[in-house]
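Residue numbers (our numbering): 65 to 439. Here is the structure we will look at, set down as structure tokens.
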Ligand SMILES: Nc1ncnc2c1ncn2[C@@H]1O[C@H](COP(=O)(O)OP(=O)(O)OP(=O)(O)O)[C@@H](O)[C@H]1O
Ligand SMILES: [Mg+2]
């Protein structure tokens, strides 16, 4: 695959990802925690527009940000490159944001690539040889790097050298090439899929968790200012409540309510406008969308409430199990709508109560009321 790189000087205030056009294929899973209707490039562009550019603008994740500040301060004082950093967590929580903010804070360059676009060591080599002292190489979806590329990056990360084999058979020669002391920032939604040798090469690891309603509300109010839209604080809270703890979701709902306010109201986002806009999108009070409710309904109606394996649920819903594991389940698990047991996923009483309450709301289809009593 052709190499697409972004090498941006962080000395000025430009956004590192601006100007890269589209990122490498498969970089983001498109729908992610965003709106399911958005294509990869479109979501990426929307993300860029509202992405915080400095660490101080990053809302929430206080513990992670504090530890990063200490790391950045220490490396700046010692004038040493930052140790390799792994960021993991569900989609839309700020991994790319942090990865692009860090080089800006350090005043260094960043190159950006993604695991799925690195098919062979030769795809990675130009990034390694281009990496300046102290610069950052951001590898998104690092768990999707093929094994050959992964083995190639081991000596690069540990000893800052690459071993290149020239020729074949008896004539084969290995050349060691020295590299600059650079920093790999890896992002993954699946840290469990990383091999131990790769994981161990990251001296710093940070896990991003879902945001509180208060934090999302702050992000929404701040971004409505950036978009020059009037937003009532009560409306921001309402959107935050339905954003599944995810800033990308909050930003997408902010844009939708803004469009709705412009088309159906006077352009100001009030509580009524926000509620009407989100109702139209099928987002319920807990932030569950059609796909989440269909997932819960499938476990109930097809698997008798569970336990059911994610592959089987995926087959029934005609959705890849990966998508369910990355985008649907983390929030449902955290909110206690499902349980993950060794035998599979099980519905909880809380989910049943939530769905039954939703059924009683006006306008709900009658067929969805035929749910067996499980508890
Ligand atoms: N801490 C934060 N404060 C303010 N906005 C944030 C924060 N984290 C994320 N966002 C917003 O959410 C959007 C999505 O974040 P980001 O692209 O960094 O997520 P991600 O973890 O890389 O997701 P994916 O796994 O899908 O690549 C960003 O454009 C940014 O506007
Ligand atoms: Mg990302």
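We put the CB at the ideal spot given by N, CA and C, even for glycine.
query: How should residue 363 be labelled, buried or exposed, when 16 other C-beta atoms within 10 angstroms of its C-beta is the threshold for buried?
result: buried
task: Assign residue 418 to one of two classes, buried (16 or more other C-beta atoms within 10 Å of its C-beta) or exposed (fewer than that).
output: buried
- prompt: Where does residue 382 sit, in a helix, a strand or coil, going by DSSP?
  reply: coil
- prompt: Three or more beta-carbon pairs under 8 Å between the segment 245-252 and the segment 140-158, yes or no?
  reply: yes
- request: Report the option in 277, 279, 278 and 300 whose CA atom is closest to the CA atom of residue 288.
  value: 300
- prompt: Where does residue 304 fall in DSSP's three states?
  reply: helix
message: I need the boundaries of the alpha helix (DSSP H) containing residue 235, first residue and last residue.
response: Element bounds for residue 235: n/a, residue is neither H nor E.
task: Please report how far the alpha carbon of residue 232 lies from the alpha carbon of residue 238, in whole angstroms.
output: 10 Å
task: Give the straight-line distance between the Cα atoms of residue 92 and residue 108, rounded to the nearest whole angstrom.
output: Residue placement at residue 92 is flagged as unreliable, the pLDDT there being 34, under the threshold of 50; the coordinate-derived value follows with that caveat. Going from the Cα of residue 92 to the Cα of residue 108 covers about 8 Å.
task: Note down the Cα distance separating residue 315 from residue 114, rounded to an integer number of angstroms.
output: 8 Å
message: I need the straight-line Cα distance from residue 193 to residue 159, nearest angstrom please.
response: Looking at the two C-alpha atoms, the distance is approximately 25 Å.
- prompt: Any heavy atom of ligand 2 within a distance shorter than 7 Å of the CB on residue 413?
  reply: no
- prompt: How would you write the range of the beta strand (DSSP E) that residue 392 sits in, first residue to last?
  reply: Segment: none, residue 392 is in no beta strand (DSSP E) and carries neither H nor E.
message: Short of 7 Å in beta carbon distance, which residues of its chain neighbour residue 172, apart from the five on each side in sequence? Order them along the chain.
response: 74, 198, 199 and 200
- prompt: Do you know how far the Cα of residue 265 is from the Cα of residue 189?
  reply: 18 Å
query: What does residue 227 pair with, by DSSP beta-bridge criteria?
result: 240
query: Name the DSSP bridge partner or partners of residue 348?
result: Its beta-bridge partners do not exist; DSSP assigns none.
task: Put residue 286 into one of helix, strand or coil per three-state DSSP.
output: helix
- prompt: Per DSSP, residue 296 is paired with what?
  reply: According to DSSP, which records beta bridges pairwise, residue 296 is partnered with nothing at all.
task: Please go through the same chain and pick out, in chain order, the residues whose beta-carbon is closer than 6 Å to the beta-carbon of residue 182, but skip the five residues on each side of it.
output: 188, 209 and 213
query: What is the DSSP secondary structure of residue 157, counted as helix, strand or coil?
result: coil
task: In angstroms with no decimal places, state the Cα-to-Cα distance between residue 186 and residue 383.
output: 34 Å
query: With a CB to CB cut of under 6 Å and the five nearest residues on each side skipped, what residues in its chain are close to residue 98?
result: Here the model assigns residue 98 a pLDDT of 39, short of 50, so the residue's position is not dependable, and the following value carries that caveat. Here the set comprises 107, 312 and 316.
message: How far does the beta strand (DSSP E) with residue 112 in it extend, from its first residue to its last?
response: Segment 104-114 is the alpha helix (DSSP H) holding residue 112; no beta strand (DSSP E) there.
- prompt: Alpha carbon to alpha carbon, what distance is there between residue 104 and residue 293?
  reply: 26 Å
Beta-carbon spacing of residue 385, residue 378 below 8 Å: Closer than 8 Å, so yes.
- prompt: Who pairs with residue 248 in a beta bridge, going by DSSP?
  reply: Note: residue 248 sits in a beta bridge opposite 201.
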